[in-house]
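For reference, the structure discussed in these notes is given below.
Residue numbers (the working numbering), protein chains in the order written: chain A, 1 to 550; chain B, 1 to 550.
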C-alpha cells in the first residue's frame, strides 16, 4: 500500500508544474520546480582519485575546454586531475552521454549520476590521467556543483530501502533485493522488488498522459483509461531479471574485471502483471501486418531528450504473452516500476520491459537506443575493450539463459563482499539437525525449470532439491521456481565448505561450471554455477549422537 | 544417387512378399521370405563373458525357464552362464523387450540385436551372474541360433559404410558420421548422414502404403501421392541430432559410466527436407482444434507389433516448421532415412523425427512408447540406477541444447579411442604456417548460433572462430553452423595440448565446462565443452624464423 500511496501523492503534489507531451517524452518540469531535494546517501568508495600528482604537467580549464572533438580528443577534469578519455568513449556503459562532460569538470555530472561513485569507475578514470589543474581551478569547479538542477526530484521516497535492498547507486536508483528476502515469498512484494532505473523517474500527469502507437508513417494514441477500458485484461506471473544479474561473480583473475553495476544475485524478482496484450493493441490499429521489430520508448529522457528505448522482434510482440501492464501484484504500478504503464516481455531480459512507456513503434528496424545497439549484448570473450567491437555484428539480447542462485543462508551484509558465511541456525534446523538451503531458478523463453541440484563437493555428487513452481503451459513458464534442500548436519564438514547450485530447464539447457566460457566485458548473462562458502557456526547446537570428523 | 537406387531396388525385389496395413505397422513378410541374409561385420569386444565359473551353482535350462515372472524373477542364460536380471529390467535401455528373453538363452536375441555385443553391455550382464548351465546345454542353445528369422533382411545394402561411419551396431544399424566428413560440406550427403535405427528397416510397398491421420475417435488416410499432390510443399534446412550425441564424453571417473550407444561427435547431420507442413495436414482434417500432443507411430515394429513411437506438444506440431517429409537433400528418402515418409521436427531431438511414419494421432496424452516415456529423458545426476526413477515425473526431451564439436583435425580412427591426435599437415596449412581447426555448432528451438570460441589454455583465453551459417528467421535457425579457426604455428606448444570449443546461441545459452553438472545415467544431451588433445607432428614443416620454446 505504501508504494501506491506514494505514487498518488507524487502525482498530486507536482501536477501543477508538469505536462507530458504525446510524442516526445518531454520532461521540462524541473526547470521550474524548487521542491526540497530528496536526500540520498552518498555511495561509499575506498579509492581516492583526482588528487594532485606533482610529476604530471599542468593544464588549465581553458585548455581542457578545447578538447571536445574527435580530432582534438576528449578531455575532462575531476578535482585536481585532468583526463584524456578519448579512447574510453566507446567503452562507456552509458554510451555517448560521456561526451557531454568533454571539456568540463566532472563534478556536476557525477553529483547527479552517483552511479559513478564506486571504486571500479574511479579505477578506470584514473587510468586516463594526463595532468593536473592549476591551483584554484578545483575550487571553482566545485562551486559549479551548487547550481546543478535536481533531475531526480520526482524519484519517490524509498522508505526502508536499506532494509530490503543492497543499493548499487542512488542516482539513478539501482537496488537489488537482499537474497534472503528473495526466497521468503513466491511473489516478490512490490516494495522489495529490485529497481533498475537508467535515469531519473519521470513525472506523469495521468489526466494528460497518452500512449502513442504507430509506425513510421502514422500513429494513434490511447489514454490510460482508454487502454484499460477498450481491451481485455490479462494477468500473468512472470519473473523479470536484469541482464547483469550476477555480474559481480563474472570477475575472475584469469580474464579480468567486467564493466557495469556489480549486481550480486538480487537483480531479479517474480511478480504478477496485469494489463492488455500488446498484440491486441497492435491488431486494433492494424499494426500487426508488417514490420520486423516493435520499439518501446520510455518517458525517462535526459536533458537532450534522449529517452530510454528498446525493441523486441515482431514474432515475440505478436505472441500470446507480451503485456502493456498497469498493475503489479494487483496494485497500480508504482513510479519506480513504471507508472502509469510499462511493457512486460516475459522470458526476456529486463531491459526490453520498458517502464513509463510513452510510444510503441512498429518498424523494420530495431530501436536505435544505446541500450539496444551497444549495451545489453554478449560480446565475445576475446573482446577486452568494447571499442574493439563492431556492435552491429552482435545481436541484442532477448531471451535470457537458465539461471539459479543460492539465497539462504545469506549474510545480512552485501553478498559480494562476504567470502565465508557463518551459519546462524534457525529453530527448525536445530530440531531437524539439518541445514536448510534455499534459492531460486528460472529459464528464458518460457522454458520450465526441470530440476535444481546442489553439491558440496564441487560437482562430483549432486542432491536433488524440492521445487516450488507453478504448472505452466508449454513454452509459457515465465514464473520463477523456488527450491529447498536440507542437508543433514552429519554430512557437513566443520571446516569452511562450498555449496554450489545449478539448474536445468526441460530442454536440457544448463549452467556452465564457471564464468570462463561466458566471460564478456559487459558482464551480462552470467549464469555460471552459483557458489557460497559456509562455515558452521560454533554455536549451532549439535545432536549428541553426531560423530563428525574433519 | 546410390541411396535412391537402393531404395527402389528394395521395393521391387520384395514387394511380392509384403503388405503394409493401414493402422498396424504390420510386418509379417519375414515369416515367408528366405532371401540371402545380408552379411554384417560382427561387433568387436574385448571382454569375455558367459564362461564357466566353478565356484557358482549349476542351474539347468529347465530351471531357468521357470523364472519368467515378477514373482519368480527373470532369469536367462548366455553361453555357460546363468543370470538373474530381475533388478535390471527397469534399467534396460530397450525397455521391456528384455522380458522376451526371460527363461531363455540370449544367443538368439543377441545374434539379431548385435547392438548388445559391446564391452559395456557385457560388463553389465556379468554383474547379474548367479550360476552355470550343466555341461552340454550351452551347445544346445547355440544350435538354436541357426533357426532365428532374419528380421533385418530389408535393411539396405550399405556400400562403403566403413568409410563414412563409425558403426556402433549392425543390428539395428547405428552409425555415426566420421568427424572430418561432417565438416567437409554444409549439407551432409545422404549416404554420409548418421543412421539411428531402433529396430530393423521396415519394408514398404508404396502402392499400398497409406498414412493414417486421426485422433482417438476417428481417422483418415492419405496415400503417398495424395500427400504430395494435395498439400503445398516446403523445403527447410535443418540439422537432426540424436539425444545421445557425444554420450561417450559424459563418462568420467567421479560420476561413472553412462548407459547407451557410445556416440562420439557424429550422431548429427545437416540436411534439406522437403515435404508438407504437419499443420496443413492436421488442419485439413480438422484435427488442429483439440489435443495436447501429436503422436507419430513408425512402421518399424517388433514381432509383438510394438512399434517405434514418439510425440511432440501440439504447440510445436501446429507451428510453421514441422514437416512430413518425402525428400532429403532433394532426393526421395532412402530406406535408412525413413522411406516413404518421415517426420522432421527441427530444433528438437532426433527421437521425435519419426521415420517410416505410419500413423499420426492427435491426443491428450503423450506417446506411450518406451522411447517417449522412459528413454530420451534427462534424469537427475543423483540417479545412478534407472529403476530408482519415477519416469512420469521427468519430462520427455523436446528441444535440444546448444552444442558444438571439433571435427578437424580428426583421427582416421574412432575418436573415442584416440587420446592424442598427431597433426597431419595439409598443404595450405604448411604454406600459411597455421593449423586449421574446424567444427560444427547448433542450438535447439531455432535459436541461431551467435559465436563459437576455441581455447588452447583450458578456457582462460578464447579465439573467435569464423562462422559459416545461413541467415535464418527469428527462432527459425534450424540449420547448423560450421566454424573455422586458424592458429598460428608460433602459438602452439610442441608438447601435447588440448583444444576446446564452446558455442553460444543468440539467447546466451552456452555449454557447461565439463559433464559434471549435467551427468545423467542415460548419457543424453551432453553438451560440455568438446576437447581434443593434439600433438604437432614432427614432420610438420616449420618456417625458419619460427622460435618456439616449450
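By construction, the Cβ of each residue, glycine as well, lies at the ideal position given by its N, Cα and C atoms.
- Taking the beta carbon of residue 444(B) as reference, the chain A residues within 9 angstroms of it are 507, 508, 509, listed in sequence order.
- Your pair residue 270(A) and residue 480(A) checks out as a contact, with CB atoms roughly 5 angstroms apart and the cut at 8 angstroms.
- In this structure, residue 59(B) keeps its C-beta atom at 8 angstroms or more from the C-beta atom of residue 89(B).
- Between the stretch 220-238 of chain B and the stretch 277-296 of chain B there are three or more inter-stretch CB-CB distances shorter than 8 angstroms, so the stretches are counted as touching.
- In this structure, the straight-line span from the alpha carbon of residue 118(B) to that of residue 282(A) is close to 60 angstroms.
- Residue 359(B) and residue 358(A) have their C-alpha atoms spaced approximately 52 angstroms apart.
- Under DSSP, residue 380(B) takes part in no beta bridge, so it has no partner.
- When the alpha-carbon of residue 469(A) is set against those of 448(A), 492(A), 489(A), the nearest one is in 448(A).
- Interface criterion not met: the Cβ of residue 277(A) is under 8 angstroms from no Cβ in chain B.
- Proximity to residue 109(A) across 223(A), 137(A), 199(A), 175(A) peaks at 199(A), based on C-alpha coordinates.
- Of the candidates 248(A), 252(A), 253(A), 258(A), 248(A) places its Cα closest to the Cα of residue 264(A).
- Taking 8 angstroms as the cut-off, the beta carbon of residue 293(A) is found closer than this to the beta carbon of residue 366(A).
- By the Cβ criterion, the stretch 166-184 of chain A is in contact with the stretch 252-268 of chain A, since at least three pairs of Cβ atoms, one from each stretch, lie closer than 8 angstroms.
- The distance from the Cβ of residue 522(A) to that of residue 405(A) is about 20 angstroms, inconsistent with a contact at the 8 angstroms cut-off.
- Those residues of the stretch 380-409 of chain A placed with their C-beta closer than 8 angstroms to a C-beta in chain B are 380, 381, 382, 394, 395, 397, 398, 399, 400, 401, 402, ordered along the chain.
- Contact of residue 474(A) with chain B by beta-carbon distance below 9 angstroms involves 292, 313, 314, 315, 316, 398.
- Not a single C-beta of chain A is nearer than 8 angstroms to the C-beta of residue 361(B).
- Around the Cβ of residue 140(B), a 10 Å sphere holds fewer than 16 other Cβ atoms; the residue is exposed.
- Comparing alpha-carbon positions, the option among 318(B), 113(B), 348(B) lying closest to residue 150(B) turns out to be 113(B).
- Interface flag for residue 251(B) against chain A is unset, since no Cβ pair is found closer than 8 angstroms.
- Contact between residue 311(B) and residue 295(B) holds, since their C-beta atoms are separated by about 4 angstroms, short of 8 angstroms.
- A contact is defined here as three or more CB-CB pairs under 8 angstroms, and the stretch 389-397 of chain A fails this definition with respect to the stretch 422-442 of chain A.
- When 524(A), 272(A), 497(A) are compared, the shortest CA-CA separation from residue 509(B) is found for 524(A).
- With respect to residue 202(A), residue 300(A) sits close: the two C-beta atoms are nearer than 8 angstroms.
- In the structure shown, residue 483(A) adopts extended strand secondary structure according to DSSP, grouped into three states.
- In this structure residue 511(B) is buried. Its beta-carbon is surrounded by 16 or more other beta-carbon atoms within 10 angstroms.
- Only 450, 451, 453, 459, 460, 462, 463, 464 from the stretch 446-464 of chain A bring a Cβ to less than 7 angstroms from some Cβ of chain B.
- Spanning the alpha carbons of residue 440(A) and residue 462(A) requires a straight line of approximately 17 angstroms.
- Within chain B, no C-beta atom comes nearer than 9 angstroms to that of residue 488(A); the closest sits roughly 15 angstroms away.
- In the DSSP assignment, the residues bridged to residue 73(A) are 69(A).
- A Cβ of chain A is located within less than 8 angstroms of the beta carbon of residue 514(B).
- By the neighbour-count criterion, in which 16 or more other beta carbons inside 10 Å mark a residue as buried, residue 348(A) falls on the buried side.
- The stretch 153-229 of chain A is shown to contain whole alpha helix (DSSP H) runs of 4 or more residues at 161-164, 179-182, in chain order.
- Scanning chain B for C-beta atoms nearer than 9 angstroms to the C-beta of residue 517(A) yields 453, 455, 459, 462, 500, 502, 504, 510, 511, 512, 513, 529, reported in chain order.
- Residue burial is scored here from C-beta neighbours: residue 52(A) has fewer than 16 other C-beta atoms within 10 angstroms and is therefore classed as exposed.
- Only residues of its own chain outside the window of five on either side were considered, and among them none has a CB closer than 7 angstroms to the CB of residue 143(A).
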